[in-house]
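Single-structure report; data block below.
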Amino acid sequence: MPSPQKPPLDPHLKALENEAIYIFREVAAEFEKPVMLYSIGKDSSVLLHLARKAFYPGRIPFPLLHIDTGWKFAEMIALRDAIAAEGDVDVITFTNPRGPAENITPFTHGSALYTDIMKTQALRMALDAGGYDAAFGGARRDEEASRAKERIYSFRTPDHRWDPRNQRPELWSIYNGMIRKGESVRAFPLSNWTEGDIWRYIQAENIPIVPLYFAAERPVVERDGMLIHAEDKRLELLPGEQIRHERIRFRTLGCFPLTGAIHSEAETLDDIIAEIETATVSERQGRAIDRDQAGSMELKKREGYF
Amino acid sequence: MTVSTAAKPASEAAPQTRQSRPLRFLTCGSVDDGKSTLIGRLLWDTKSVKADQAESLTRDSKGTRNGLDLPDFALLTDGLQAEREQGITIDVAYRYFSTAKRSFIVADTPGHVQYTRNMATGASTADLAVLLVDARAGLLEQTLRHASIAALMGIHQFVLAVNKIDLASYSREIFEQIAAEFREYALSLGVRAVTAIPMSALKGENVVHDGKAEMPWYDGPTLLETLELATVRSAQTVGFRMPVQRVCRPDESFRGYQGTVAGGAVKPGDSVVILPSGTPANVSKIVTYDLVRNAAVAGDAITLVLDRQVDVARGDMIASIDARPATGLHFDATLISLAQDGITPGKRYWLKSASRRQRVTVETFSAIDWKTRRWNEADALAVNTIGKVRLHFEETAIFDSYEANRDTGAFILIDPDTHNTVAGGMIQGRASDVSRIGKGSNERVVLLALPPEVAEKLIGSDFFASIRDDVEVRQTTRDQLAGLFDDGKED
């Protein structure tokens, strides 16, 4: 619900908010069946907040789609369910049936194959099943090199492929939403936001986020140079591994076996903002899937990964 | 090579709140002028490159050599694998960095002739253009072309980066000659705000840090200092405009029009007009998620509630009743052709401007010849050419001139066959066209000459709005009018 009692946003965040609302409204008006991809992370939380603002006093005119790999942090699922329980937006959850059927796990199949089946293919299946012609995502251009060239409206072929050489020029804020049946567009209202903007906006707007972003003492195990949260019973310790209790937090959230924590004392939003402004590593550093090889995000995007 | 992982000192930390939106600028120039290297250097020296990115930078740098013990900065911006393999930039890359003073969005645009469309894309949203030239090569046709496009698209602040000055013996004479030549060209484009800077992006001289050691003769600003002081293009000053994006109707009791204010300001009680219908109404409320507001200004995304039931749809524009945009079926524009097939005269394209999409045909008058820098007669526009055209609509179109308002004066053309965006355009104004007045060429028409203040009252009236498409309004001087009426001879 709107809260009239907070101070106005600074002009920088206000400009980003206005731009995002404009994009939301434009897509909602031009496409027949949009959907919003909802990953439960901080960017998704901001995206959801902006969608509510864009359509107020109306309801958000599209559902949220969560691709559930079955390996998300428990606290993420709790926030998702709380959002769904508020009742002002429809939340759809989809899991690739191959996962449970063939017992595909990030441990047994490796991060690349697991990500392909449970995220990339799952997303394509869910988008096809829903017949969606536009999908909102929370990607930001500052996240990763191949995203720096992404359009606001990113054009996808009927098999969801992204061809970097075949994207439409985007001049001014005039977006071309004309597509053929089967083709689709991924729309990115947060394109021009940086990680710092996201956090300052969460603070200014008091947006609920998963508590794992805040530092606390948590059980961890060190694996392949990453700190893995060792709360889920399905995490089996390898020889030589030990559970330690350390003060950690997460800069990004994904599947718990593939997401590395950082040591941190940042317990509040102020602490987090101060921490990232002096950070010497980028936020995607904790993501195992980016590290396979140079250009690996580009390869995944061509295949249809978000 | 070692990567500095030192945290930024507290004094350099970005501020918690910012007093303006980010400055948007683009970098452009010819192939090999070192654009990507320059942006890489900006990011590196403002400590915007994180350690893990630097690590993959040095890992990916293996096999490329720049002769210095430095990372290949171009790898920071050349994000796509195809580009890395070919060693070129094939698409616009957006980069973000900030200093204690402000934040920046950089559009890195390619220099190849066939990618002029990307340059136009970057220029369309930019406040400032950084043009690179190789000090050894001087100004090239490509450089001047990019300057022309940037100026045509409304950029009035230029930085001329005379790069690779280290390879030209740090010669003051060479720098000053190129700078003078460019200033003269910029003036011919109507651009006065030119800052010329001698620099070596590779060595980091006059980018973020000064280059006094090698260039004691230069006492002007570095690139970063120039960017920190540049002005953000401010909201346009014509009357209130809000293109309607969608109608919000959650229940029978509420009907609001959602859109972003594209010019001027609005408050409850203001008289507005719905275009193209010409229906007048008053604003009763401005609704946002946060609160019911008592005013909104250019840039604000709002929901407008009117005091009466009127027919309003997506694509309509709500505007000040006493400072309306132009409406009509014929407009003159400057067009940049972006697609391989060019622009075909007589073909029915889709035109999208703000939230409005409608059918249009294009009549071409002239095109820029880059060799002679003249407008030559032309009846079609090949890819990457810029032309002066007349747009013919089937239904009423609504525009301001691009000069008066970027948001309501810009448009794109979409090919109905491929759905591709094939051109970007800027409205100059309503076409002068008397052919729509009356029924036939021998029909009597009446010329009415009025003092401007009387004409303004008449034009502002509801009656005039209802017949706007059937009349032609021109401004002229009394002397010229006297010549037209042949007053002298009848005396």
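Taken in order, these protein sequences are the chains called A and B.
0 is the number of the first residue of the first sequence in numbering that gives the first Met the number 0; add one for each residue after it.
0 is the number of the first residue of the second sequence in numbering that gives the first Met the number 0; add one for each residue after it.
Think of the CB as a built atom: it goes at the ideal place given N, C-alpha and C, for glycine as much as any other residue.
Is DSSP giving residue i helix, strand or coil here?
i	result
A:Y55	coil
B:E140	helix
B:Y348	strand
B:G62	Bear in mind that the predicted position of B:G62 carries a pLDDT of just 44, short of 50, making it unreliable; the figure below should be weighed with that in mind. It is coil, neither helix nor strand.
B:T476	coil
B:D107	strand
B:W374	strand
B:T120	helix
A:F93	strand
A:F249	coil
A:S172	coil
A:N17	helix
B:D495	Residue 495 of chain B lies beyond the range of chain B shown here (0 to 490); nothing can be said about it.
B:L483	helix
A:A293	Residue confidence for A:A293 is low, a pLDDT of 47 falling below 50, so the modelled location carries little weight; the figure read from the coordinates is stated next. A:A293: coil per DSSP, three-state reduction.
B:F463	helix
B:Y184	helix
A:L12	helix
Comparing the C-beta of residue i with each C-beta of chain A, is any distance below 8 angstroms?
i	result
B:F410	yes
B:N65	Confidence in B:N65 is poor, its pLDDT being 49 and thus under 50, which makes the residue's placement too unreliable to answer from.
B:Q308	no
B:K202	no
B:S352	yes
B:D315	no
B:D469	no
B:I104	yes
B:R94	yes
B:Y348	no
B:F24	no
B:L120	Here residue 120 of chain B is Thr; the residue named in the question, Leu, does not match the sequence. With 8 angstroms as the cut-off, B:T120 counts as an interface residue toward chain A.
B:F330	no
B:F253	yes
B:R292	no
B:G33	no
Are the C-beta atoms of residue i and some chain B residue less than 8 angstroms apart?
i	result
A:Y55	yes
A:W329	Nothing about residue 329 of chain A can be read from this structure; chain A reaches only from 0 to 305.
A:K148	yes
A:K118	no
A:A310	Any question about residue 310 of chain A goes unanswered here, given that chain A covers just 0 to 305.
A:K32	no
A:P163	yes
A:D141	yes
A:I178	yes
A:N175	yes
Kindly list, in the order they appear in chain A, the residues whose Cβ is closer than 9 angstroms to that of residue i.
i	result
B:P495	The structure shown does not extend to residue 495 of chain B, since chain B is modelled only from 0 through 490, so no value can be given for it.
B:N117	P168
Measure from the alpha carbon of residue i to the alpha carbon of each residue in the options, then state which is nearest.
i	options	result
B:A150	B:M198, B:C27 and B:A92	B:C27
A:G259	A:I227, A:H244 and A:L237	A:I227
A:C254	A:A111, A:E245, A:I82 and A:S145	A:A111
B:F253	B:A280, B:A261 and B:D306	B:D306
B:K351	B:E140, B:R477 and B:P242	B:P242
B:V304	B:R292, B:K284 and B:A294	B:K284
A:K32	A:E216, A:G98, A:I20 and A:V184	A:V184
A:P56	B:R248, B:T120 and B:I148	B:R248
B:G180	B:P21, B:S170 and B:V193	Per the sequence shown, the amino acid found at residue 180 of chain B is Glu instead of Gly. Comparing Cα positions, the closest option is B:V193.
Going along chain A, which residues have a C-beta under 7 angstroms from residue i?
i	result
B:L337	P168
B:V91	K148
B:R40	None at all; the shortest Cβ gap to chain A is about 16 angstroms.
B:N419	R167
B:Y288	P1, R51, K52 and Y55
B:T124	W171
Could you name the residues of chain B that residue i contacts, counting a contact when the two beta carbons are closer than 9 angstroms?
i	result
A:K41	Ordered by position in chain B, no residue passes the 9 angstroms Cβ test against A:K41, which lies about 17 angstroms from the chain.
A:Y21	Q244, G258, T259 and A300
Could you list which residues in chain A have their beta carbon closer than 8 angstroms to that of residue i, in chain order?
i	result
B:P249	P56, G57 and R58
Between residue i and chain D, is the shortest Cβ-Cβ distance under 8 angstroms, so that the two count as touching?
i	result
B:R17	Of the protein chains in the structure, A and B, none is chain D.
For the ligand SAH, I want to know if residue i counts as a neighbour, meaning its beta carbon is within less than 7 angstroms of at least one of the ligand's heavy atoms.
i	result
B:A264	Looking at this structure, you won't find the ligand SAH or any other ligand, since it has none at all.
Mind the definition here: the stretch 442-453 of chain B touches the stretch 402-417 of chain B only if three or more C-beta pairs lie below 8 angstroms; say whether that holds.
-> no
When the Cβ atoms of the stretch 260-280 of chain B are set against those of the stretch 329-343 of chain B, are three or more pairs found closer than 8 angstroms?
-> no
For the 8 angstroms Cβ check, are there 3 or more pairs between the stretch 387-394 of chain B and the stretch 361-370 of chain B?
-> yes
Inter-stretch contact at 8 angstroms, needing at least 3 Cβ pairs: the stretch 117-136 of chain A / the stretch 26-43 of chain A | yes
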